[in-house]
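There are 2 protein chains.
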Amino acid sequence: VSASTSVSRSLRAAGQFRPGCSVASAAKCWYPSRVKVDGTHRRTIAASPDGRAVDIIDQRRLPHHFVIERLTTMLDVARAIREMWVRGAPLIGAAAAHGFHLAMLEDPSDASVERAHRELLATRPTANNLRWALDDMRQSVLGIPPDRRAAAAARRANAIGDEDVAINQAIGRHGLKLLSEVHRKNPSKRIDILTHCNAGWLATVDFGTALAPGYIAHDAGLPLHVWVAETRPRVQGALTAWELAQEGIPHTVIVDNAGGHLMQRGRVDLCIVGADRVTSAGDVCNKIGTYLKALAAKDNGIPLYAAVPYPTIDWTLDGGLDGIPIEERDPEEVRTVHGADQSVRLFPPGSPVANYGFDVTPARLVSGIITERGVCRASREGLLSLYPERGG
Amino acid sequence: VSASTSVSRSLRAAGQFRPGCSVASAAKCWYPSRVKVDGTHRRTIAASPDGRAVDIIDQRRLPHHFVIERLTTMLDVARAIREMWVRGAPLIGAAAAHGFHLAMLEDPSDASVERAHRELLATRPTANNLRWALDDMRQSVLGIPPDRRAAAAARRANAIGDEDVAINQAIGRHGLKLLSEVHRKNPSKRIDILTHCNAGWLATVDFGTALAPGYIAHDAGLPLHVWVAETRPRVQGALTAWELAQEGIPHTVIVDNAGGHLMQRGRVDLCIVGADRVTSAGDVCNKIGTYLKALAAKDNGIPLYAAVPYPTIDWTLDGGLDGIPIEERDPEEVRTVHGADQSVRLFPPGSPVANYGFDVTPARLVSGIITERGVCRASREGLLSLYPERGG
Chain C
3 VSASTSVSRS LRAAGQFRPG CSVASAAKCW YPSRVKVDGT HRRTIAASPD
53 GRAVDIIDQR RLPHHFVIER LTTMLDVARA IREMWVRGAP LIGAAAAHGF
103 HLAMLEDPSD ASVERAHREL LATRPTANNL RWALDDMRQS VLGIPPDRRA
153 AAAARRANAI GDEDVAINQA IGRHGLKLLS EVHRKNPSKR IDILTHCNAG
203 WLATVDFGTA LAPGYIAHDA GLPLHVWVAE TRPRVQGALT AWELAQEGIP
253 HTVIVDNAGG HLMQRGRVDL CIVGADRVTS AGDVCNKIGT YLKALAAKDN
303 GIPLYAAVPY PTIDWTLDGG LDGIPIEERD PEEVRTVHGA DQSVRLFPPG
353 SPVANYGFDV TPARLVSGII TERGVCRASR EGLLSLYPER GG
Chain U
3 VSASTSVSRS LRAAGQFRPG CSVASAAKCW YPSRVKVDGT HRRTIAASPD
53 GRAVDIIDQR RLPHHFVIER LTTMLDVARA IREMWVRGAP LIGAAAAHGF
103 HLAMLEDPSD ASVERAHREL LATRPTANNL RWALDDMRQS VLGIPPDRRA
153 AAAARRANAI GDEDVAINQA IGRHGLKLLS EVHRKNPSKR IDILTHCNAG
203 WLATVDFGTA LAPGYIAHDA GLPLHVWVAE TRPRVQGALT AWELAQEGIP
253 HTVIVDNAGG HLMQRGRVDL CIVGADRVTS AGDVCNKIGT YLKALAAKDN
303 GIPLYAAVPY PTIDWTLDGG LDGIPIEERD PEEVRTVHGA DQSVRLFPPG
353 SPVANYGFDV TPARLVSGII TERGVCRASR EGLLSLYPER GG
């Protein structure tokens, strides 16, 4: 049973697909695409029509410019991941899968398999989805002759994309119940979600993780409003605000500092964030600053959920702070900010800067994990209740 | 007994001035000036040599350009406060005092007294020091004939400046004990302070509040390192980094999101922040984001102190979140960031933004208040132990 089959079977068991949908076409059965730019549907990443390249949205240019880039080599993809043309754990995984396919087009040898795995894995250290996708891609080609590896890698890269879309739709459905519950308790009030970073379509192949429940709630007519934390240093809040504007969902941007104040004043019903890696004990490694939001949520009795596809869960880690590599990035990301067409320095070139990309929110501060299989407690027992095959 | 005399007496009682120093010259006896720009000492605000204007540092231009502005009318001063050419609760108070003096030069009538009080008070809502200084200035002129009011106001404005310097030096001395204690416990390790916003010289007339203990510790040869939170949206962390660079104190800039991560990893010994208003119950209203830092400090067993001159304490408020007006500023401050000579947009003009200037950290999260009279618990009992005249 492949991971993909297993996920889709679980989704069907939960009654989330239209009758008659096959596992392979599951995503297409429901929403062909959620990503909607100026009214046009597309995915954030897809093989080019001739199958010899991969098309991505260059997220460095958003929210000011919408630019599609075509990447033609594995090293181009590695650079796009490293320099955050693409970002978000699920999308990093999907991009690496396509990058691996391009490597097989270039050279399908065993050495090339190992090199592609190594080069792409080295791009960013924290997202579990990256290693997951690369291990999966390597597995998909190692048993077969080199001359058939490119085709097999293409199929698997596309399947990983399809699966991501199906997973995220399921996360959205499960998360919807949480939002519905908020609404049921106080139907006359809008539902105020707070999110950090971008865990929407742009962080995935489509549909998003943390934003998926909101998208479905909005479609279902629930009155939704999203507080968007700007998320310094890379200001992924601008991506979230742009996405929500494309969807027509009311939202308000705040600086990262303001999240606690809003929670203290009763202006937030629910926090939902994505994750880059979740330990088997339910600790959530996500964009730097998530821990602070979680502390404020706890202090004010506001639930905080992490929306997590299964490839984000690192079953090799059993909790604590030490197992997850926390990326440290270029200090220039803090010193200099980029606008539509120019950049400005906030800090002089010599000013010492430390730039940590992620933090770990201990499971005790997380109300639950929303996965494609349902919502569980942020604990080993909780995760095993959804993934019993990982037990004992 | 005027407030000024009372403070200075308290300082002398604590043995903090050289023998033979008078109350009036107390500040000069110790450090004539701490503010040091490219090696030259000055204050952040002072009457012009002819006494008919006030010279300020235009903080909007820092850290890129050091520019002195001469303000010649009360309305100029009001604008400089509103638009944050000057900022920081103590400096806002001192600036308002000088602005009041300029109003008396223009027109010393009773109507002008009330107008100056009203116009200057309306500039910013949160800092308690603003009302304190304006009430003090009004009091200093109301009993005397109009033709002598300008001279009286000048004397009082200058005295408020001198007193601020003396207060901050005393805060530094009291806070030094806390840093010495950290050092004593682990002499081989640097002392890691984390601060938020700017509560250094630039936020005061001289010497700073939250940074004063560090300055004295550094002079005393203690190995100090300061984590500087950038403090979006106005990036006052750049002011703090610039000040620390002028002082030659090791420091590292981080985004606001990173404070929790550092505390979680044992990289912070002590947090020290300033305040814009402190309730009589010890709740600390300070720059937005302070509450999040305080939650992280509490969660990791790291002490967090607020360094507070007495004019910041609002004895009319007995605690809770509701009494302190939280300033909401122009959304453009979040959407657009300013560098040395140009600005860039992070968010499109239509993107909805909320821009809260401050938050309130409940007393339960504050380890203590450092005032000019000593360090006390953040509670009514604690504050009354230092200010017994406010009891009963």
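Protein sequence lines correspond, in order, to chains C and U.
Per my numbering, the very first residue in the first sequence carries number 3; after that it's consecutive.
Per my numbering, the very first residue in the second sequence carries number 3; after that it's consecutive.
For glycine and all other residues, C-beta sits at the position ideal for the given N, C-alpha and C.
Hey, residue i and residue j: beta-carbon distance below 8 Å or not?
{"i": "I304 of chain C", "j": "V270 of chain C", "result": "yes"}
{"i": "L144 of chain U", "j": "V115 of chain U", "result": "yes"}
{"i": "A96 of chain C", "j": "D166 of chain C", "result": "yes"}
{"i": "D221 of chain C", "j": "N170 of chain C", "result": "no"}
{"i": "G376 of chain C", "j": "L204 of chain C", "result": "no"}
{"i": "A98 of chain U", "j": "L77 of chain U", "result": "no"}
{"i": "A309 of chain U", "j": "G276 of chain U", "result": "yes"}
{"i": "D285 of chain C", "j": "P364 of chain C", "result": "yes"}
{"i": "V339 of chain U", "j": "L306 of chain C", "result": "no"}
{"i": "G262 of chain U", "j": "L297 of chain C", "result": "yes"}
{"i": "H67 of chain C", "j": "A342 of chain C", "result": "yes"}
{"i": "R236 of chain U", "j": "M139 of chain U", "result": "no"}
{"i": "A154 of chain C", "j": "I146 of chain C", "result": "yes"}
{"i": "A214 of chain U", "j": "G177 of chain U", "result": "yes"}
{"i": "Y358 of chain C", "j": "A260 of chain U", "result": "yes"}
If we cut at 8 Å on Cβ distances, does residue i have a partner in chain C?
{"i": "C31 of chain U", "result": "The predicted model places C31 of chain U with a pLDDT of 40, which falls under 50 and marks its position as unreliable, so this point remains unresolved."}
{"i": "V368 of chain U", "result": "no"}
{"i": "V339 of chain U", "result": "yes"}
{"i": "R63 of chain U", "result": "no"}
{"i": "Q141 of chain U", "result": "no"}
{"i": "R20 of chain U", "result": "Confidence is the limiting factor: at R20 of chain U the pLDDT is only 35, short of 50, which leaves the residue's position unreliable, though a coordinate-based value still follows. Not one chain C Cβ lies under 8 Å of R20 of chain U."}
{"i": "C23 of chain U", "result": "Low per-residue confidence applies at C23 of chain U: pLDDT is 35, beneath 50, and the placement is therefore not dependable, though the value from the model is reported in the following sentence. Closer than 8 Å: no."}
{"i": "R234 of chain U", "result": "yes"}
{"i": "P354 of chain U", "result": "yes"}
{"i": "G394 of chain U", "result": "no"}
Would a check of beta-carbon distances place residue i closer than 8 Å to chain U?
{"i": "G202 of chain C", "result": "no"}
{"i": "L348 of chain C", "result": "yes"}
{"i": "D40 of chain C", "result": "no"}
{"i": "G261 of chain C", "result": "yes"}
{"i": "A298 of chain C", "result": "yes"}
{"i": "V237 of chain C", "result": "yes"}
{"i": "A129 of chain C", "result": "no"}
{"i": "A380 of chain C", "result": "no"}
{"i": "A28 of chain C", "result": "Confidence at A28 of chain C is low in this model, with a pLDDT of 36, below 50, so its placement is unreliable and no value can be given for it."}
{"i": "R44 of chain C", "result": "no"}
{"i": "I70 of chain C", "result": "no"}
{"i": "H253 of chain C", "result": "yes"}
{"i": "V275 of chain C", "result": "no"}
For residue i, which option in the options has the closest C-alpha, if you only look at C-alpha atoms?
{"i": "V79 of chain U", "options": "U:R63, U:P65, U:I59 and U:H67", "result": "U:I59"}
{"i": "D301 of chain U", "options": "U:R366, U:H43 and U:P313", "result": "U:R366"}
{"i": "I371 of chain C", "options": "C:C287, C:P65 and C:L104", "result": "C:C287"}
{"i": "V368 of chain U", "options": "U:L132, U:L294, U:G101 and U:V184", "result": "U:L294"}
{"i": "S111 of chain U", "options": "U:R337, U:E245, U:R151 and U:G394", "result": "U:R151"}
{"i": "R158 of chain C", "options": "C:Y312, C:S190, C:L104 and C:L180", "result": "C:L104"}
{"i": "D149 of chain C", "options": "C:L264, C:L107 and C:N188", "result": "C:L107"}
{"i": "A118 of chain C", "options": "C:R81, C:P92 and C:C378", "result": "C:R81"}
{"i": "V69 of chain U", "options": "U:T46, U:G101 and U:T75", "result": "U:T46"}
{"i": "T206 of chain U", "options": "U:R234, U:K179, U:P189 and U:I173", "result": "U:I173"}
Round the Cβ separation of residue i and residue j to the nearest angstrom and send it over; I've been treating them as touching at under 8 Å.
{"i": "L323 of chain U", "j": "S282 of chain U", "result": "That pair is no contact at about 14 Å."}
{"i": "I290 of chain C", "j": "F360 of chain C", "result": "6 Å"}
{"i": "T128 of chain U", "j": "I328 of chain U", "result": "7 Å"}
{"i": "D423 of chain U", "j": "H227 of chain U", "result": "Limits of chain U in this structure are 3 at one end and 394 at the other, which puts residue 423 of chain U out of reach."}
{"i": "Q248 of chain C", "j": "V39 of chain C", "result": "6 Å"}
{"i": "I94 of chain U", "j": "R126 of chain U", "result": "6 Å"}
Just to confirm the assignment, what range does the alpha helix (DSSP H) spanning residue i have?
{"i": "T373 of chain C", "result": "Unbroken run through T373 of chain C is the beta strand (DSSP E), G370 to T373; no alpha helix (DSSP H)."}
{"i": "W87 of chain U", "result": "W87 of chain U -> no alpha helix (DSSP H), and no H or E assigned at all."}
{"i": "G384 of chain C", "result": "R382 to L388"}
{"i": "V377 of chain C", "result": "Where V377 of chain C is concerned, there is no enclosing alpha helix (DSSP H), although the beta strand (DSSP E) it sits in stretches over G376 to C378."}
{"i": "L319 of chain U", "result": "First-last for L319 of chain U: undefined, no H or E at that position."}
{"i": "W203 of chain C", "result": "Run containing W203 of chain C: none; DSSP gives neither H nor E here."}
Got a sec: does the ligand NAD put a non-hydrogen atom nearer than 7 Å to the Cβ of residue i?
{"i": "R347 of chain U", "result": "Ligands in the displayed structure: none, and consequently the ligand NAD is not present."}
Between which two residues does the beta strand (DSSP E) containing residue i stretch?
{"i": "I193 of chain C", "result": "I193 to T197"}
{"i": "A309 of chain U", "result": "L306 to A309"}
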